[in-house]
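Structure record follows, encoded as structure tokens.
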Amino acid sequence: MTGSLFKANFWCSDILSTVGYDSIIQHLNNGRKNCKEFEDFLKERASIEEKYGKDLLNLSRKKPCGQSEINTLKRALEVFKQHNVAQCHIQLAQTLREEARKMEEFREKQKLQQKKTELIMDAAHKQKSLQFKKTMDAKKNYEQKCRDKDEAEQAVHRSANLVNPKQQEKLFVKLATSKTAVEDSDKAYMLHVNTLDKIREEWQSEHIKACQVFEAQECERINFFRNALWLHMNQLSQQCVTSDNMYEEVRKSLEMCSIEKDIEYFVNQRKTGQTPPAPIMYENFYSPQKNAAPPGKATGPNVAR
Numbered sequence: 001m002t003g004s005l006f007k008a009n010f011w012c013s014d015i016l017s018t019v020g021y022d023s024i025i026q027h028l029n030n031g032r033k034n035c036k037e038f039e040d041f042l043k044e045r046a047s048i049e050e051k052y053g054k055d056l057l058n059l060s061r062k063k064p065c066g067q068s069e070i071n072t073l074k075r076a077l078e079v080f081k082q083h084n085v086a087q088c089h090i091q092l093a094q095t096l097r098e099e100a101r102k103m104e105e106f107r108e109k110q111k112l113q114q115k116k117t118e119l120i121m122d123a124a125h126k127q128k129s130l131q132f133k134k135t136m137d138a139k140k141n142y143e144q145k146c147r148d149k150d151e152a153e154q155a156v157h158r159s160a161n162l163v164n165p166k167q168q169e170k171l172f173v174k175l176a177t178s179k180t181a182v183e184d185s186d187k188a189y190m191l192h193v194n195t196l197d198k199i200r201e202e203w204q205s206e207h208i209k210a211c212q213v214f215e216a217q218e219c220e221r222i223n224f225f226r227n228a229l230w231l232h233m234n235q236l237s238q239q240c241v242t243s244d245n246m247y248e249e250v251r252k253s254l255e256m257c258s259i260e261k262d263i264e265y266f267v268n269q270r271k272t273g274q275t276p277p278a279p280i281m282y283e284n285f286y287s288p289q290k291n292a293a294p295p296g297k298a299t300g301p302n303v304a305r
């Protein structure tokens, strides 16, 4: 599958263009951004799990009012405390933070690796652009010298019938000078072209190396990210299984809870008596029998004066 490799599909016919290289860099940066988003998600999820676990932990530590004796509901609550779901959520929070730390380390490692290659490629791009400019300047100079030589030759032909030998001599000198300038500029131009081609080959070699490094990084990132997601799903699934098993134990204990028995148990343990207080009767101050009845005992009404 050579056609699918980075080094075979990210070129451009324009020697100054970096569109293929820029496309790869943008893709790698987006990949690291996805890793950062998942890392932040793990951290946020860890905070939520930890808070939920601590809330459950605090709830399990509280002693319900009126439940100092052991009854069926109290036993169910004890089962809930023993099968502490809160601790599972706290442990999951710690696991999620550890996974977030691994993702951060992986992301930073890839960032440093990419930066090393980018520095090499940036230097290669700069050198190529600089040499291309020098070559184009040399080409312009060469073409201008050629035009100057052509004009000098035409001037010599036009002056063939002139009788002034001095003027003809000047034209011949100018022509000779222009020919020398063309030869010099031609050599300089060819030298720059050869140098540019050498730099182009070096850049091309570095581009291939960079594509191979970046493709290896992308394979590593996809594999790491996939495994991280897979592990996270397993962690959540295991958390559900563990929690559900604990919930089932609590549900079983709640099935044994009897409202009637707990009410009866409370009454038997804390009852204070079965006789309500007698009504307080009216006592006439002038009645001779007002003090006959013992305290707390009510007497019948007496309307005599």
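Sequential numbering from 1 applies to the sequence shown in the UniProt record's numbering.
We put the CB at the ideal spot given by N, CA and C, even for glycine.
{"Asked": "What are the boundary residues of the alpha helix (DSSP H) that residue 195 is part of?", "Found": "165-255"}
{"Asked": "According to DSSP, is residue 114 helix, strand or coil?", "Found": "helix"}
{"Asked": "Distance check for residue 188 and residue 10, CA to CA, integer angstroms please.", "Found": "33 angstroms"}
{"Asked": "Quick one: give me the first and last residue of the alpha helix (DSSP H) that residue 8 is part of.", "Found": "6-9"}
{"Asked": "Give me the residue from 31, 85, 23, 26 with the minimum Cα distance to residue 223.", "Found": "31"}
{"Asked": "Relative to the C-alpha of residue 255, which residue among 272, 7, 72 is closest?", "Found": "72"}
{"Asked": "I need the straight-line Cα distance from residue 259 to residue 86, nearest angstrom please.", "Found": "27 angstroms"}
{"Asked": "Within 10 angstroms of the Cβ of residue 177, are there 16 or more other Cβ atoms? Answer buried if so, exposed if not.", "Found": "exposed"}
{"Asked": "Do residue 21 and residue 363 come within 9 angstroms of each other at the CB atom, strictly closer than that value?", "Found": "As shown, the chain starts at 1 and ends at 305. That puts residue 363 outside it, with no answer to give."}
{"Asked": "Are residue 95 and residue 204 closer than 9 angstroms when you measure CB to CB?", "Found": "no"}
{"Asked": "According to DSSP, simplified to helix, strand and coil, what is residue 271?", "Found": "coil"}
{"Asked": "Check the C-beta distance from residue 28 over to residue 114 and give it rounded, since I have them as a contact under 8 angstroms.", "Found": "6 angstroms"}
{"Asked": "Determine the DSSP secondary structure at residue 42, reduced to helix, strand or coil.", "Found": "helix"}
{"Asked": "Among residues of its own chain, excluding the 5 on either side of residue 210, which ones have a beta-carbon nearer than 6 angstroms to its beta-carbon?", "Found": "117, 121"}
{"Asked": "For residue 135, name the three-state secondary structure that DSSP assigns.", "Found": "helix"}
{"Asked": "Out of 284, 79, 272, which has the shortest C-alpha to C-alpha gap to residue 251?", "Found": "79"}
{"Asked": "How many Å lie between residue 19 and residue 226 at the Cα?", "Found": "29 angstroms"}
{"Asked": "Can you give me the Cβ contacts of residue 156 inside the same chain, cut-off strictly under 6 angstroms, excluding the 5 residues immediately before and after it?", "Found": "171, 175"}
{"Asked": "Where does residue 12 sit, in a helix, a strand or coil, going by DSSP?", "Found": "coil"}
{"Asked": "Counting Cβ pairs closer than 8 angstroms, one from the stretch 178-198 and one from the stretch 120-138, do we hit at least three?", "Found": "yes"}
{"Asked": "Can you list, in chain order, the residues of its chain whose CB lies under 6 angstroms from that of residue 286, leaving out five sequence neighbours each side?", "Found": "none"}
{"Asked": "Looking only at its own chain, which residues have a Cβ that is under 7 angstroms from the Cβ of residue 7, when we skip the five neighbours before and after it?", "Found": "208, 211, 212"}
{"Asked": "Going by DSSP in three states, residue 263 sits in which element: helix, strand or coil?", "Found": "helix"}
{"Asked": "Determine, using beta carbons only, whether residue 182 and residue 135 come nearer to each other than 9 angstroms.", "Found": "no"}
{"Asked": "Measure the alpha-carbon distance for residue 179 versus residue 164 and round it to whole angstroms.", "Found": "23 angstroms"}
{"Asked": "With H, G and I counted as helix, E and B as strand and the rest as coil, what does DSSP make of residue 162?", "Found": "coil"}
{"Asked": "Considering only C-alpha positions, which residue in the set 257, 191, 154 is nearest to residue 137?", "Found": "191"}
{"Asked": "Could you check which residue in 141, 41, 168 has the C-alpha nearest to that of residue 154?", "Found": "168"}
{"Asked": "Could you say which of 38, 12, 17, 5 lies nearest to residue 230 if we only look at CA atoms?", "Found": "38"}
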